[in-house]
Structure formats: C-alpha cells, structure tokens
Ligand code: GLC
C-alpha cells in the first residue's frame, strides 16, 4: 500500500495513494481518529475526497477538534495533536499511535495491516476466519495484554482468545458460550501487563467481527462488511481514563430517577390490572420493598403497539395513579414491530409517512413478531425517530415516565417475502432509505431509544425518563440502559451476569443489569435468594420471568428463602444513597455503578481475572455466593490496601491485607461485603419504596486507613430535571499523628440536612477523645458516632481513653 500524497485540510490530515485514503484527526485531547478507506477508488466516493460520515455513536454536541501538525520524516508522516502522535508509513500504510511525542511516547496501538480486498491474498490466514469481510484492520496484540468490553458478551472480563461478531441477535435461549447477543459495541480497553491502558473504538455499525488474539495470539483483527474502518485510538493511562475519553466521544448516560434503582417486579404473563394490584399487595404485606412494576406485552390490544386492552386494563391512567400513590411506577414494554392492519392508526401513519423499512425491491417489508403480520419503523432516519417520539404522548399523558424497549435488534420471527437472514431478524439487503440493513442493523435500537427519551422529555419535562433497551450500538448509553435479555434460571447464568454487566459497564453502559432469578426456566428458592444477593449491587434490580415458568415473586418459595430475599432487598434499599451517588458519578466519569475489579486494580493480575466479585464504587467489594448449596466462598482482596469485613453492612469482622485470599462464611442470609481502607460509604434505613434522594436518616461506614478516608454523597429530588437543586457532599478524614479530623464539605443548592446522621468508623486502634459528635461509643475496633445536625468537623484523638 503506497500513500504518495498528503494534505493538511483544517484540522484533518488527508493521505492517499492510487486506491486508498486515510483521514487523520484529533477530535478530543487524547483521542486520535483514523478514518481508513481502503479501495476507496473502487467505491462511490469522489476519490480521493471522502464524503462526510454520519455516526450513530458520537455525541451530537461534540467539541471542535484539536489542531493537528503534520511533517515528513523519511517514509513516515508524523502527525501530532491533542497530546498524541501518529506515525504513518507511506510505503506500507502501517501506522502507530503514541501517547506523547515520537521519541518518548508510549506506543498505544500499532497496525501492520489494513486492507480492503476480499479474500485477502496478503494474509490468507485471516481471510479464512471472517465471514463477509470487505475491510480489515490488524493491530498488534502484545503478549499478556487483556481486552475488555466489546459490548454484551459471555465469557470472562478479558476477551483475549475470543472471536466476536457484531450483529445484534435475539438468541433464545443463550448459553455461556453464545455469541453474538443483543448489544454490539466495537470498543475495547486494552490493559497491558503493567496495568497501563488504552482504548480502540471502531465506529462501524456494519456487521463486523473481531478476532481477539484467538487465531493469531499476537493480533487483534477487526473485519467489517462495510467499505471503511473508522478507528479511534484513546489514551489512558488507566482504564478509567479510557472510559472517560470514550464517553467524551460517545456521550455520558443521563442520571436515572431514584425509583428506577429500587426493587422492581415483572413477569411476562401478568394479564390484568387486578393481577398487578395483587402483586403490589403481596410485596407490601410481607415488608418487601417495591418501586416499580414492569408491564409486559399482555397489556396491549392484540400486540398493537401504543394501545391498551380495555377489558384487562379498563382505566390505565387511574391504575398508574393508584400505583404511584403506593410508591410504585409502571413501566410498559414497547416493541418496534407495528401490526400491519389497515385502519390501525400507527400503521396508517407509518405507511403514509414512508416511515417503514423496505425490501431490496422497494416494497414495505412485512414480517412477524408478536403482531402478525408486522412492519418495522426505520429508526435509522431522523424523521422516523421524530414520529415515533411523538407517539410517546399517549404514555406520558397516563403519567408514565419509564419505558422498556424490547425486540429492537430488530427481532423478526419470519418474513412474508422469504429471504435468508442471519438470526431472527431482517435480511442484509432490506432498505433503510438508501442504506442496506447490513450497514445499520446494529444501530436500529439506538434510534428507537432516542425517540423514547426525546418523547418523555418533551411530553413530561417535569419527570426524569427511565428507558430500558434490549439491543444497542455504541452511544446507546445516551438514550437508554440495557438489560441482558433472556437469561436462564440457572447457577451458571447467575455467575455469568457479573462479567456480562461488568463488560457492558466497560463498554460505556453504566447502568446495565440482568433479570433476577432468571427469565427462562423454573427458578428455585435457593437460587432466588442468592440471585437477590448478587443483585444488591446490580445498577437496577428487576425480577422478571418468562411466560409459562413457575411463579417467582419473592415469597413463592416460603422460608427460609423469603427471609433471605427480604434481607437482600432491605440491604439494597439501605445502599441506595451509595448507589445513587455512583449513578450520578457515572454521568460525569462514565465509571459504571458495578465495577469489575480491573477498573481500579489494573496492574493486579488476580483482580483482572476475578469475575465472581465486583466493586460498588472504588471502596466496597461484593463477593456473593454463586453456587448451589455453598455457604462459604473464596474471596480475593486486591493488592494495595487493607479490606475490612462488613457483611450485610452489619456484621463487622476482621481486617485483611490486600493481595490475599480469604474464605467468607455466607449462610443463606449473608452477603459478604468488604470495605477498602481509605473509603467511606453512605447508607440509610430500609424503606418500602424510595421517595427523594435526600435521606432523613443517613449513616456512613468509613475505614480510616493510614491516609484517612474519603466518601461522597449525591442528593437531589430523586426525579425531575437533572438541573433541579442538588448537593454533593464529601466527607474527608485526615490523619495527623494521633489525631483524625473529619470534615464535611457540601456543594450545591439543595437545602436542608439529614435529620439523623451516624458514622461507623473502622481503623482506629483506640480512642482517647472525640470532639464535635453528639455521642460516641468505641468497642471491638468500631467507633460509632452520632453526629449533630449540620455538622462540619469532628476531631478524634487515638490513644487509651480515660473514660
Ligand atoms: C422478549 C423479552 C422478554 C419479554 C418477552 C415478551 O423475550 O426479552 O423480556 O418478557 O419478550 O415480551
């Protein structure tokens, strides 16, 4: 590949040869873009100028790109901007991106090869393993480096050794080795053996595959069915930096309403309003917290989207209001498939407005989903997104502000104009305007969920929308959060949920979760109890089951399981101040609520491989039991600091050194939790449901390490616009010799403080005196402090007390 020519054009450097073009720019500091267009001459482009390339992933409000400089150095072009350097060899096309300058910078990504012909004679080995490839990029995969993310995947957190397909798929049931699933995010964070990270994002919604050092242990290869590879290299040095840069590029998830983080119940098969009432009563009479009921397809009239069956749900508006009075939000499901029935207004409007996906021959494409026959709105076009958004008026007027978008891969069980498809979806050559389905399939759900968020924002500006989606592409986090689809009520799926949710978090989707106790198949009492414990830290917590499965509301298996589930649900409610603070942090940092250990311990190889535990924020480690009949488990505590046992937030045990394994005793009601030295976590009392995210009773659990500790709390009304009054509080404990000074600093315009606040402090060897607390008590290494209203400072002296 020879690239004889180059030109600097504004903030872009264009380089081209006889056939190939590459555009290099720096959209953000620390992010370098290479738009690789091999064989561009053979395409429809005005060679060597490339037409603008729209993206479903990038945030629309991007900042202006960084300035770039270019110079020649022998065969190499040296392109610099935003703190990065790209060296491009004009004789071979090989390129590398360095963090810093050409002499001292760390090599982030290095490509020996990018090409366009099919099959590729230059590297027959790769050509064999990819289906449908048209373009290909091979990056060095240095020995020992780990590959995180890639969207929704089975398998461990590190995807090295896997071959992944990007093709959103409704696969039922999926297994622990099924690929692909519903969400495609072609973004990975690469972590080297020293724990240094960088990111690679290939912004192509086209059907793609990635071979992650499987076929060739030294290569990460992307192959696309499209004509280009739009590559972003993101600097680290920590995984958290990569994630932040990815969100700077593709957007941050908006803050969820507090109620969406409370406990939720769902079932495919709740058929009437009275059944829903009975479920709520079942929760309330057993002292089980409940904040939301998800309402599945049974509420619709003949599966016609944007309708409500009048017999089974005679007054939906009254029901929504009645439920809200009990602290329960209804979240209806919405599917994209529109029943093809003349006279049904949604279908008539879709036809008249030319909003539907068409076949390659130009007819409206007709398939089958729940409605049969069904047609598909083309969410890849802005005018269709706007039309679908306007449809949300119906639900907004009912008082609804949460929605569950399903089947949006899109799923299609069969086609009326038969065609071969990959999975139960639309054929590659179906038409979206002038684009083939194979180009935009993965992004279909983004437009649907964008419409939902825009719709609720327009029609209920006083509420905060909560949008759930099954499918998505990069950038989906701006519109919706993801649940992991149709899992199974098995112990293997319980364990799988951790790396799946963790992997979604590492793909920029901070609030993903799995259906509690399993969707398909009959669950058991023990599996339910353990699943609820695992889900104490899921970003949201929804019990959901498939039609025809055994009942799985928390009380269905009696004792001792009900008690264990109640304990877990109360623990969830207690942790909401912390979870909500983490959710808020995600809107600024892109760090997920539930964090794989590698996020904060990238240089610790045991932490990197630990898929059975997770962190809630940096300071709280959750090590749930994931096996049948087990009441003990091995726990890894990452290196670098000490960890205190705080099981169920109530049972305080010994302090362990980091970098060690310990055995946790966890009978059925116990969730092993560990607090990291240097951290404080806010929590509250359990309640039947959430109200405002301002906590009348607030507790802190703090572990004073050698450098003291720090904790955070975010508070607001819990709903409503994100710019409504809020407050961010930090409590900071600083040690100086024998004394520990704890200060509270608050920023924000939210008025009023907690009515009752307490602090539980671990890490003091002894206590001589305490100043500034209303009362205190020190026993067994734990100092309990009652804090006066609006406190700002507390001083503690270590040493033997005279008391
Ligand atoms: C799909 C969804 C599932 C839902 C069912 C019926 O399988 O993934 O959650 O219950 O459809 O709507």
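Numbering (my numbering), first residue to last: -4 to 798.
Glycine included, every Cβ here is placed at the ideal spot set by N, Cα and C.
Under a 10 Å Cβ-count criterion, residue 163 is classified as buried, with 16 or more other Cβ atoms of the shown protein chains found around its own Cβ. Within the model, the alpha-carbon separation for residue 30 versus residue 363 is close to 38 Å. Where residue 20 is concerned, the enclosing beta strand (DSSP E) starts and stops at 16 to 23. Three or more Cβ pairs closer than 8 Å define a contact, and the region 229 to 240 falls short of that threshold against the region 203 to 219. Under the three-state reduction of DSSP, residue 694 is assigned to strand. Under the three-state reduction of DSSP output, residue 646 falls in the strand class.
By DSSP's assignment, residue 431 forms a beta bridge with 426. Excluding sequence positions up to five before and after residue 344, its CB lies within less than 8 Å of the CB of 350, 382, all in the same chain and listed in chain order. Taken in chain order, no unbroken stretch of beta strand (DSSP E) lies wholly in the region 557 to 599 with a span of 3 residues or more. Separation of residue 247 and residue 503 (C-alpha to C-alpha, rounded to the nearest whole angstrom) is 8 Å.
For residue 177 and residue 773, the gap between their C-alpha atoms comes out near 52 Å. For residue 392, the three-state secondary structure derived from DSSP is helix. The three-state secondary structure of residue 501, taken from DSSP, is coil. Excluding residues up to 5 positions away in sequence, nothing lies with its Cβ nearer than 6 Å to the Cβ of residue 746 in the same chain. Using a Cβ distance threshold of 7 Å, residue 204 and residue 225 do not count as a contacting pair. Nearest to residue -2 by C-alpha distance, out of 14, 4, 6, is 14.
Closest in C-alpha terms to residue 141, from the list 272, 593, 790, 287, comes 593. If you check the CB distance, residue 753 and residue 664 do not come in under 7 Å.
In the three-state scheme derived from DSSP, where H, G and I count as helix and E and B as strand, residue 472 is classed as helix.
Inclusion of residue 73 and residue 47 in the CB contact set at 7 Å is not warranted, their separation being larger than that value. Pairing residue 396 with residue 462, the inter-Cα distance amounts to about 8 Å. The alpha-carbon separation between residue 441 and residue 470 amounts to approximately 8 Å.
Residue burial annotation: residue 760 is exposed, with fewer than 16 other C-beta atoms found within 10 angstroms of its C-beta. Between the region 411 to 430 and the region 353 to 371 there are three or more C-beta pairs closer than 8 Å, enough to call the two in contact.
With a cutoff of 6 Å, residue 462 does not count as near the ligand GLC, since its C-beta is closer than that to no heavy atom of the ligand.
Judged by pairs of C-beta atoms under 8 Å, the region 60 to 71 touches the region 3 to 20, as three or more such pairs exist. The nearest non-hydrogen atom of the ligand GLC is 6 Å or more from the C-beta of residue 382. Residue 480 has its Cβ nearer than 6 Å to a heavy atom of the ligand GLC. In this structure, the ligand GLC has a non-hydrogen atom nearer than 6 Å to the beta-carbon of residue 263.
Counting C-beta atoms within 10 angstroms of its own C-beta, residue 492 has 16 or more neighbours from the protein chains shown and is therefore classed as buried. Distances between the C-beta of residue 401 and the heavy atoms of the ligand GLC include at least one below 6 Å. Nearest Cα to residue 25 within the set 374, 239, 604, 477: 239. For residue 328, the enclosing beta strand (DSSP E) starts and ends at 324 to 329. Counting C-beta pairs closer than 8 Å gives three or more between the region 642 to 653 and the region 563 to 582, which meets the contact rule. Setting aside the 5 residues that flank it on each side, residue 766 is surrounded in the same chain by 790, each with a C-beta closer than 6 Å to its C-beta; the list follows chain order. Residue 447 counts as buried, since no fewer than 16 other beta carbons sit within 10 angstroms of its beta carbon.
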